[in-house]
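See below for the structure under consideration.
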Amino acid sequence: MNASATFTRRTFLAGAATLAANASLRGEAAAAKKAQIVISLDLEMSRDYPRRGISEWDFDKGNLDDATKQYAVEAARRVRAHGGEIHFFCVARVLEQPDVAWLKRLAAEGHLLGNHTYDHVNVKAATPEEAQFRFQRAPWLVRGKTALEVIRENIRLASLAMQERLGVPIAGFRTPGGFGDGLTDRPDLQQLALDLGFTWVSSLYPPHERGAVGEPPTAAVIDSIVAAQKAAQPFAYPCGLVEVPMSPISDVTAFRSQRWKLSDFLTATRAAVGWAIDAGATFDFLAHPSCLVVEDPNFEAIELICRLVQASGDRAEFSTLDQLAQRARPALRAAPTP
Ligand SMILES: [Zn+2]
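When you line the sequence shown up against the numbering used here, it's residues 179 to 516, in that order.
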């Protein structure tokens, strides 16, 4: 962990200096016009799936069931068939399961696996008990620790487990839950991410209108989701950590919170991806196989995104959050000082 963290930071600084020298006027502007489309899936169980009323997953987010794992694997196969890869985020307690060969295969096939903490902790929790339901039921796990210590340890353990059990590079950090302002209000958490070896995080989910629960989205709701895409573009915090936001609307917001039908979710996704392609911007699809396996069993959302990328010709391409972070690195800040 330490060696790799050091390596990452050195590489980051060296790479950023080169970027500062080369990037500002050449290539970047032209390259930035091509929309960057990411499909990211968080590997965790979701409350109310596969049936309404199920909440035991709150204590056991990483204990993926077979249907969820199969959906993740088939989604990866489909995206690969279209020439892309999926950026997965792993709640690392899944690595306590007896068989993790499916995750190793995903990595071997070129899909990326990022850190989504060990237990799915809320990184902005004020107390250890607020960080995760598991710690309310089993408070001895976090006794005597501050919230920040619990959070740091939960992220560190996830990286450790991924390195030991999977032996794959850790592709970034996504906070459980999204925050409207990302980590803007928490320089201490930005520093924590840097300290743990990350050069980028995915923590920002911009606010947007949702409409009434149980109602299909109105034109105003779709417009609000499209408008929110502007707030979901990668940027760097002053400390140099890069933010690669999630792009609305997430599957759990659409299906679990708003009770949309699949056709509504497809409409919103089509509009949001269409905006990104027209604007030459980025789009980071955020979904959960544990939710989609119930709400979208035939992979229509993922197939739709793949078709939109392909139909765009040269105007869009598949990307990963790693690649988006690379493009958003702060060239100025890392320029060598005389
Ligand atoms: Zn999550």
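The beta carbon of each residue, even a glycine, is placed where N, CA and C say it ideally should be.
Beta carbon of residue i nearer than 8 Å to that of residue j
i	j	result
Ser380	Pro423	yes
Leu326	Val269	no
Thr305	Pro354	no
Pro467	Ala253	yes
Ala213	Ala410	no
Ile483	Thr445	no
Leu291	Leu281	yes
Leu372	Cys417	yes
Pro508	Asp442	no
Ala479	Ala465	yes
Arg352	Phe433	no
Leu273	Arg343	yes
Leu374	Phe357	no
Phe496	Gly262	yes
Asp474	Leu440	yes
Asn300	Glu307	no
Val487	Ile215	yes
Gln310	His298	yes
Ala250	Leu219	yes
Phe463	Ser425	yes
heavy atom of ligand 1 below 7 Å from residue i C-beta
i	result
His294	yes
Pro354	yes
His265	no
Asp429	no
Asp220	yes
His289	no
His298	yes
Candidates the options: closest to residue i by CA position
i	options	result
Asp238	Arg255, Ser224, Thr246	Ser224
Ile217	Ala457, Ala409, Arg505, Gln501	Gln501
Ile427	Pro412, Glu307, Ala449	Ala449
Phe376	Pro317, Val320, Arg330	Arg330
Gly521	Ala316, Ser402, Thr362, Ala336	Past the boundaries of the shown model lies residue 521; the chain is included only from 179 to 516, so the question cannot be answered.
Gly360	Ala316, Lys302, Met340	Lys302
Val430	Arg485, Glu308, Cys469, Phe266	Cys469
Gln275	Ile264, Ala406, Leu242, His298	Leu242
His386	Pro394, Lys439, Ala398, Gln310	Ala398
Arg271	Arg230, Leu338, Gly358	Leu338
Gly392	Ala250, Gly231, Arg437, Glu481	Arg437
Gln369	Tyr415, Val328, Arg388	Tyr415
Asp244	Val472, Ala405, Ala406	Val472
Asp277	Lys247, Asp401, Asp492	Lys247
Trp235	Gly491, Ala390, Arg485, Arg312	Arg312
Arg485	Ile403, Val451, Arg229	Val451
Asn293	Ala316, Gly240, Arg229	Gly240
Cβ-based burial, residue i [other Cβ within 10 Å; buried from 16]
i	result
Ser233	exposed
Gly288	exposed
Trp378	buried
Glu421	buried
Thr498	buried
Ser182	Low confidence applies here, because Ser182 scores a pLDDT of 44, under 50, leaving its location unreliable and the question unanswered by this model.
Ala454	buried
Ala503	buried
Ser435	exposed
Pro384	buried
Asp363	exposed
Thr184	Because the pLDDT of Thr184 is 41, which lies under 50, any placement of that residue in the model is unreliable, and the number read from its coordinates should be weighed accordingly. Exposed: under 16 other Cβ atoms inside 10 Å.
Lys211	exposed
Gly345	exposed
Ala390	exposed
Ala286	exposed
Ala406	buried
Any non-hydrogen atom of ligand 2 within 7 Å of residue i CB
i	result
Leu464	Of the ligands one can find in the structure shown, namely ligand 1, none is ligand 2.
Query raised in the report: Any chance the stretch 304 to 323 sits against the stretch 247 to 267, with 3 or more Cβ pairs inside 8 Å?
Result: Segments in contact, no.
Query - the stretch 405 to 419 in contact with the stretch 452 to 462 per 3-pair CB rule at 8 Å - result: yes
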